[in-house]
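A short write-up of the structure that comes next.
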Amino acid sequence: MPQVAPGVAPEVAIVGGGLVGMTLAAATAGAGIPTLLIEAEPLPALTEATFDGRSSAIAYGSQQVLAGVGAWDYLEADVSPIREIRASDGGWRAGLAKSAHESPFFVHYNHRDLPEGAIAAGTQPPFGWIVENRAIRRGLLKRLAETPNLTHIAPARVAEVQFESGNAALRLQDGREIRARLVIAADGRHSAVRRFAGIGFKEFGYNQTAIVCTVAHERDHRGVAHENFLPAGPFAMLPMTDAEGMHRSSIVWTEDPRIVPWLLSLDDESLAAEIERRFGTTLGKLMPIGPRFSYPMRLLLADAYARDGAVLVGDAAHAIHPVAGQGFNLGVRDVAALAEALVDGHRLGLDLGSLAVLENYARWRRFDNLLLTGFTDGLVRLFSNDLPPLRLARDLGFFAFNLAKPLKRMAMRHAMGVVGDLPRLVRGLPL
Ligand SMILES: Cc1cc2nc3c(=O)[nH]c(=O)nc-3n(C[C@H](O)[C@H](O)[C@H](O)COP(=O)(O)OP(=O)(O)OC[C@H]3O[C@@H](n4cnc5c(N)ncnc54)[C@H](O)[C@@H]3O)c2cc1C
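Using the numbering used here, the first residue of the sequence shown is number 84, and each one after it goes up by one.
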């Protein structure tokens, strides 16, 4: 049998070295579990500007995990804090406002509304941070390069997994073979490992496509994230770090799929005009910079998270609409819970591929994942339309919610990922 790599005999094989797989590998290998990480793409490609144009909103709880696995220090220069969030019900439509800011129907969150010490002793942290996905990948790759107990192979695509009693046999596309007690599916929404493990899933489309691009703008965003709910779908403007003397924001703009090819083909000035029609002039004159990307919006939920010898994390287990910027954050909480279950099992000498260990993780994560999936799905359905009675009801809802401080505080804590039975890493504790 051709050998995969000299060195560590893996106890766990993580298939998929995306954002979630790399975070998990840093956690398990860093805690002393021999880990193999297999990624289909060549590593240098993962940090190129053309590979993934997205930025992610990293919630406070996820930042704690990234710090706990030793990756945050490598990201810190590239993060932009979210200090305020303004969600508005597209007031521009009715001619009520020229921009989201001026609409009377909005919810405004300020991180200062949570008293000092409410989240972390002695501080008043921001809600989270906006970071380019390629900067997260760059930081994680640096951390993995110095992590012991880890074998990282790429490019290498897993072509088949067979589950035998007590072992999983993985075959790579180039013919190499690997045996591991536990295979972790971190291979995204189209997960092949999920299929080989015989785990089904439910999926449906939203009839929306997200356009993602970066814009430079005249005025400083001052750490404010905007979400404007428009009939075709939510439009978000997320505050990024300045670069080359420009103020920048990342746009996640969900649209009717029929007009997306046309929008993507516009020259910069015409696209800027379309953005201004939807967002207004709050940030002054703006201009798209860099490549443009598009992603069809679909929801996916796996029927189970674990079976004997296999477990699912991140988008392989649940892929949700980005309306609340929570997909990766859910994946990071999966990582924190699974790493804790595995590390505790490893210390006790348990079989890491056994359902007894894996079901602890599955039970732990199911509620949080279902809650966020239901919440984001409901939000998209409630707002992505222009029916007058619904519009009136949700505008009144916005108005009332904005005045209800205890409810707003609860929503803020949820958005920061610090509610419920939290794994040690999310609480800022070592594994
Ligand atoms: C437009 C948009 C905006 C978003 N914004 C946010 C946000 O602000 N905040 C947030 O928290 N989330 C956000 N998300 C969600 C977030 O991007 C995803 O949840 C996250 O990227 C999932 O990471 P993952 O590692 O699970 O999967 P993926 O990123 O899909 O990674 C899977 C990896 O597995 C590899 N792979 C696949 N098959 C194989 C195989 N057979 N063998 C080996 N390797 C394989 C792939 O090459 C890839 O690197 C957004 C999503 C979209 C679409």
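Glycine included, every Cβ here is placed at the ideal spot set by N, Cα and C.
- Inclusion of residue 378 in the 6 Å shell around ligand 1 follows from its C-beta lying nearer than that to a non-hydrogen atom of the ligand.
- Scanning 416, 392, 215 for the CA closest to the CA of residue 401 turns up 416.
- When secondary structure is reduced to three states using DSSP, residue 495 falls in the helix class.
- Uninterrupted alpha helix (DSSP H) stretches at least 4 residues long and entirely within the segment 358 to 440 occur at 410 to 430, given in chain order.
- A Cβ-Cβ separation of about 41 Å leaves residue 359 out of contact with residue 238 under the 8 Å criterion.
- With fewer than 16 other Cβ atoms from the protein chains shown falling within 10 Å of its own Cβ, residue 342 counts as exposed.
- Of the residues 493, 514, 345, the one whose Cα lies closest to the Cα of residue 425 is 514.
- Between the alpha carbons of residue 494 and residue 260 lies a gap of roughly 47 Å.
- DSSP places residue 318 in the strand class (E or B) of the three-state scheme.
- Distances from the CB of residue 412 to the heavy atoms of ligand 1 include at least one below 6 Å.
- Boundaries for residue 467: no alpha helix (DSSP H) harbours it, and the DSSP string shows neither H nor E there.
- In the displayed model, residue 152 falls within coil according to three-state DSSP, outside both helix and strand.
- Straight through space, the alpha carbons of residue 448 and residue 503 are spaced by roughly 11 Å.
- Look at the segment 273 to 348 and you find these whole runs of beta strand (DSSP E), each 3 residues long or longer: 284 to 300, 307 to 313, 316 to 322, 330 to 338.
- Bounds of any alpha helix (DSSP H) do not take in residue 510, whose DSSP letter is neither H nor E.
- Looking at the backbone, the Cα of residue 444 and that of residue 218 are separated by about 29 Å.
- Counting along the chain, no beta strand (DSSP E) covers residue 111; the unbroken alpha helix (DSSP H) around it starts and ends at 102 to 113.
- Bounds of the beta strand (DSSP E) holding residue 97 are 95 to 98.
- Distance from the C-beta of residue 245 to the nearest heavy atom of ligand 1 is not below 6 Å.
- Residue 306 is positioned such that its CB atom lies no closer than 7 Å to that of residue 492.
- Leaving aside the five residues that flank residue 287 on each side, the residues in its chain whose CB is nearer than 8 Å to its CB run, in chain order, 381, 382.
- As computed with DSSP, residue 189 is found in a beta bridge with 171.
- The beta carbon of residue 330 sits closer than 8 Å to those of 299, 300, 301, 302, 303, 304, 366, all from its chain and outside the five residues before and after it, given in chain order.
- Rounded to whole angstroms, the separation of the alpha carbons of residue 100 and residue 155 is 17 Å.
- Residue 152 holds the alpha-carbon nearest to the alpha-carbon of residue 224 among 152, 277, 212.
- By the Cβ neighbour-count rule, residue 133 is exposed, with fewer than 16 other Cβ atoms within 10 Å of its own.
- Out of 498, 251, 107, 272, the CA that lies nearest to the CA of residue 264 is found in 251.
- With a threshold of 6 Å, the Cβ atom of residue 333 does not count as near ligand 1, since no heavy atom of the ligand is closer than that.
- Taking the C-beta atoms as reference points, residue 119 is found nearer than 7 Å to residue 96.
- DSSP, reduced to helix, strand and coil, places residue 122 outside both helices and strands of the structure shown, so it counts as coil.
- Residue 324 is a Cβ neighbour of residue 163, given a cutoff of 7 Å.
- Shortest Cα-Cα distance from residue 214 to any of 102, 113, 253 involves 102.
- In this structure residue 392 touches residue 436 by the C-beta definition: roughly 4 Å separates them, less than 8 Å.
- Cβ neighbours of residue 113 within its own chain (closer than 7 Å, five residues either side excluded): 152, 153, 230.
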